[in-house]
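The working numbering applies: residue 373 is where the sequence shown begins, and numbers increase by one. No residue lacks a Cβ here, since even glycine has one placed at the ideal position from N, Cα and C. Please read the structure below before turning to the comments.
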Amino acid sequence: MKNNQQTTVITISPVKTGDSSHTQPLYSSQPAAGFPSPGDDQVEQPLDLNELLVENESATFFIKVAGDSMEGAKIFDGDILVVDRSIEARSGHIVVAAVYGELVVKRLQKTNNSMSLLSENEDYEPILVNDVDGCFIWGVVTGSARVLI
């Protein structure tokens, strides 16, 4: 079992929408593994990733994460997550939680009398939470972005 590579938050940024300079063209064709289609240059509409990923601007933040404990949920070291603080966290949601003074990213599991924060990597044990621990669910992860190069 590893102890030092939990998936943790390393930066937090507020959402900024309404700036048309952030839009990119969204092409109507869908890429295929074959020959290009003659209509591949047809723009369907401008795409603003904030409009796609952000439901509640005033309660949504982008966070950058570090660590490998959520790789099974396709959350990797360096990913940018979209976190909405207005959504009530339910069992099964991936959440950002403050535990022992550190923001971590985990899957929430609630039962009748307890709450656990689960990693999506078998090398990590669940974090069992009780009232004494002072765990606070900071927000629900609603999306992600990743730089591939």
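Q: Might you give, ordered along the chain, the residues of its own chain that have their beta carbon closer than 6 Å to the beta carbon of residue 477, omitting 5 neighbours on each side?
A: 379, 437, 442 and 468
Q | Start and end residues, beta strand (DSSP E) containing residue 522 | A | Here the chain covers residues 373 to 521 and nothing more, so residue 522 does not appear.
Q: Please go through the same chain and pick out, in chain order, the residues whose beta-carbon is closer than 6 Å to the beta-carbon of residue 501, but skip the five residues on each side of it.
A: 487 and 507
**Q.** residue 493 beta carbon less than 8 Å from that of residue 450
**A.** Contact flag unset, no.
Q. With C-beta atoms as the reference, is residue 512 less than 8 Å away from residue 440?
A. no
Q) Going by Cα to Cα distance, which pick from 452, 480 and 473 is closest to residue 461? A) 480
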